[in-house]
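Residue numbers (our numbering), protein chains in the order written: chain A, 4 to 265; chain B, 283 to 677.
Don't be surprised by glycine CBs; every beta carbon is placed ideally from N, CA and C.
Comments concern the structure below.
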Amino acid sequence: MLNNKVYINGIAVIAPGMEDSKKSLEILKGNMDWYPEALSKMTPSSLPANEARRTTTVIRLALKAIDSIDYKNDTLTVFASSEGDLDIKDKICKALSTKEKMVSPTLFHNSVHNTPAGYFSIATGIQTPSVSLSAGDNTFSAGLIEALTQVLIEKNDVLLVAYDNVIPSDLACFRHFEYPIGIALLLSMDKHLEAIGDIEVSVINNQKSVTKCFNKSLEKMRIGNPIGIGLPLIEALIKGTGVEIVIPYVNQNQLSIKVNNV
Amino acid sequence: MNKTIDSLQVTASTLVNALGNGKRFTLDAMFSGSSGLRNASYPEMNFNTFLGLVDKVEDVELENHLKKFSCRNNKLAKLALDVDNFRDEIDRAINKYGKNRIGVFIGTSTSGITETENAYIGRDKDTGKLPNIDMLYTDNTSSVQRYVCRSLGLTGVGMVISTACSSSAKVFASAHRYIAAGLFDAVVVGGVDSICLTTLYGFNSLQLISEDICRPWDKNRQGINIGEAAGFMLLEKSANNNYIHLTGYGESSDAHHISSPHPEGVGGKIAIKKALTSSGINPSDVDYINLHGTATLSNDYSESRGLSSVFNSEIICSSTKGMTGHTLGAAGINEAIICTLALENSIIPANINLHTIDDNLPIRVPTKCIKQSLNHVMSNSFGFGGSNCSLIFSC
Chain A
4 MLNNKVYING IAVIAPGMED SKKSLEILKG NMDWYPEALS KMTPSSLPAN EARRTTTVIR
64 LALKAIDSID YKNDTLTVFA SSEGDLDIKD KICKALSTKE KMVSPTLFHN SVHNTPAGYF
124 SIATGIQTPS VSLSAGDNTF SAGLIEALTQ VLIEKNDVLL VAYDNVIPSD LACFRHFEYP
184 IGIALLLSMD KHLEAIGDIE VSVINNQKSV TKCFNKSLEK MRIGNPIGIG LPLIEALIKG
244 TGVEIVIPYV NQNQLSIKVN NV
Chain B
283 MNKTIDSLQV TASTLVNALG NGKRFTLDAM FSGSSGLRNA SYPEMNFNTF LGLVDKVEDV
343 ELENHLKKFS CRNNKLAKLA LDVDNFRDEI DRAINKYGKN RIGVFIGTST SGITETENAY
403 IGRDKDTGKL PNIDMLYTDN TSSVQRYVCR SLGLTGVGMV ISTACSSSAK VFASAHRYIA
463 AGLFDAVVVG GVDSICLTTL YGFNSLQLIS EDICRPWDKN RQGINIGEAA GFMLLEKSAN
523 NNYIHLTGYG ESSDAHHISS PHPEGVGGKI AIKKALTSSG INPSDVDYIN LHGTATLSND
583 YSESRGLSSV FNSEIICSST KGMTGHTLGA AGINEAIICT LALENSIIPA NINLHTIDDN
643 LPIRVPTKCI KQSLNHVMSN SFGFGGSNCS LIFSC
């Protein structure tokens, strides 16, 4: 299907216990066990202080994942999140359940699914197109396919960031995520100096076994947040050569990803 | 100029909005200049405004095996799937391509949030617990795409795009890319956004809701009327000249402000110019532009300035939001289908509810419909977060 090699020129993972990039690399190489630690406030360097003050955990999670990626100012962007900002939805729904129903204007304008994309473009001045999407539990793979089609058809670098925060307490009994995760990938037709590897992706509808995390301690995160299904790809990019990984995709399809590192 | 994208054939479409269930009601309004907006009430809404409500959405029953998707948004989606012979057209496409070779891309801004709002309103006073909701099948942004796939029996690739008011315009750009990349042969694109308290009170908090019927381009405009709509199109990679085609798209980001458009319409202008380039046509080739035209001061100024930097003053534009209201995440598909109806029926809809034109806007709009044959029409959709998309449809 997508029989083209696409280079991965940058990767980043933000999750509890994985904010330190050196430690994170050792975990993703399988040299260290992962265990959760409290996340910092994740202040992204790209945002001026006055903008940063108005951001939420979800916005900072997305932007912090991008922070360490070396993208060009003509990059296209894909923001993928199953739930968007449920902390905001929780606050708005609480306000709507009162008699006065006073919704804060700031909360409302931060409530759209593409809010992190909006803050990213304002912070960087980048006016190129940006897609914000959701595909429920298959959001990471949907984001990856959207990014790949943009690389191949728009012939441009694409920065993909996939992120989901934990669910607020009132809603956690209806849908539960164990940990927040943000994963960023820079995809390109060209191999940059800092290239990590290349991938060839096909959509398959025969059921293969889904690839688990090589580092068994990461399995809790892979299955504990929709974005976690991207972790075996990150591990393979960092560690493996010539491996094929399989991750779930929409409508019981799967993505077969051939990963080569460089 | 040479076009830079392959055209996609619009094989079929369906539309439900405040004007009625099925495209013919919207077409009637394009000729008569009537409005579907009403000075209506909505449960738990405590201020006065006009709304573009679709009749009896709450009475719709989803299919027995899809009951867990029950929410206002998916009920609205079903209303549209059930009219305009859309299901028959999908069955024909399934026979031609196979159910896994047809993609489904839907735009929505608030999905099934009404279920969550009602759960918070119905919270148990003693225990503090919320009544049970199935978030993944109702509230989740992707819920409507999964519902549409199952209701139509499609198993191909897809997703929901949620970029506020440009959502169901941007689905066309993604659909084009996936077809060009060979991921499928045909695609259902669409948009579904239903009225909810979040958008009603949210836009009210930004002082953007009009008590009066909305009057795009009018000096005495007071803001938007919120509407709801569901619309779908079946697009195929084909060059049959008997059909209308999507011939161009352009997308951009304002990089200006999270909820206000750039005052000079810079982001909109980039999207418009990209759409023209991809379609391989000149500004003078465009016969009609369906405006984003929300009737907020900031939109009308920004959009008209962006347009006047690309088109000459003769360009014919109108906003149809005075007929349907602002249908937010469904605005892109609602107005894309209005553009295809304009091409098919040689009609430019009037910019209704306009009494006193705002002389500060450099682009003029007709207050009566114009009957003339059209070759190329453009639809603009601009959203919160500075997300812009322009589409071009051609005969």
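Query	Result
Residue 458 of chain B in three-state terms, based on DSSP	helix
Close Cβ partners of residue 202 of chain A (< 7 Å) along its chain, the five nearest in sequence each way excluded	9, 11, 260, 261 and 262
Sufficient close CB pairs (3 or more, under 8 Å) joining the stretch 529-548 of chain B to the stretch 108-128 of chain A	yes
Burial state of residue 501 of chain B, where buried means 16 or more other Cβ atoms lie within 10 Å	exposed
Touch test, the stretch 284-303 of chain B against the stretch 227-236 of chain A, Cβ-Cβ under 8 Å, three pairs minimum	no
Endpoints, beta strand (DSSP E) assigned at residue 645 of chain B	Element bounds for residue 645 of chain B: n/a, residue is neither H nor E.
Chain-ordered chain A contacts of residue 452 of chain B [CB-CB under 7 Å]	134
With 16 other Cβ atoms within 10 Å as the buried cut-off, status of residue 414 of chain B	exposed
Among B/546, B/623 and B/628, the one whose alpha carbon lies nearest that of residue 590 of chain B	B/546
Cross-chain neighbours of residue 418 of chain B in chain A, by beta carbon under 7 Å	139 and 178
CB-CB length for residue 635 of chain B against residue 602 of chain B, believed under 8 Å	So it is not a contact: roughly 11 Å between Cβ atoms.
Residues within the stretch 476-498 of chain B neighbouring chain A, beta-carbon criterion of under 7 Å	479, 480, 483, 484, 487 and 488
Neighbour-count burial assignment, residue 366 of chain B, 16 or more Cβ in a 10 Å radius	buried
Alpha helix (DSSP H) runs contained entirely in the stretch 132-190 of chain A, provided each spans 4 or more residues	142-152
Cα-Cα separation between residue 248 of chain A and residue 214 of chain A, rounded to whole angstroms	6 Å
Residues from the stretch 647-666 of chain B in contact with chain A, defined by Cβ distance under 8 Å	665 and 666
Of the listed residues B/336, B/335 and B/321, nearest to residue 329 of chain B (C-alpha basis)	B/321
Three-way DSSP call (helix, strand, coil) for residue 417 of chain B in this model	helix
Beta bridge counterpart(s) of residue 261 of chain A as assigned by DSSP	A/203 and A/247
Cβ contact (3+ pairs, closer than 8 Å) linking the stretch 123-139 of chain A and the stretch 410-425 of chain B	yes
Chain-ordered residues of the stretch 422-439 of chain B with a beta carbon less than 8 Å from chain A	422, 423, 424, 425, 427, 428, 431, 436, 437, 438 and 439
Run of the beta strand (DSSP E) containing residue 676 of chain B, from where it starts to where it stops	669-676
Segment contact flag, the stretch 446-462 of chain B with the stretch 428-435 of chain B, C-beta cutoff 8 Å, min 3 pairs	no
Reference residue 498 of chain B; option with closest CA among B/510, B/614 and B/646	B/646
Beta-carbon gap between residue 382 of chain B and residue 208 of chain A smaller than 7 Å	yes
Residues that residue 320 of chain B bridges to, as DSSP identifies them	B/333
Helix, strand or coil at residue 253 of chain B [DSSP, three-state]	No answer is possible for residue 253 of chain B: it lies beyond the span of chain B, which begins at 283 and ends at 677.
Chain E contact for residue 382 of chain B (CB, 7 Å cutoff)	Protein chains in the displayed structure are A and B, and chain E is not among them.
Within the stretch 397-452 of chain B, ranges of the beta strand (DSSP E) (whole runs, at least 3 residues)	440-443
Residue environment, residue 196 of chain A, which counts as buried when at least 16 other CB atoms sit within 10 Å	exposed
Residue 540 of chain B - DSSP class collapsed to helix/strand/coil	coil
Contact with chain A by residue 668 of chain B, beta-carbon distance below 7 Å	yes
Assigned secondary structure, residue 597 of chain B (DSSP; H/G/I helix, E/B strand, else coil)	coil
Chain B contact for residue 51 of chain A (CB, 7 Å cutoff)	no
Residue range of the alpha helix (DSSP H) that includes residue 560 of chain B	548-561
Proximity test, Cβ basis, 7 Å: residue 446 of chain B and chain A	yes
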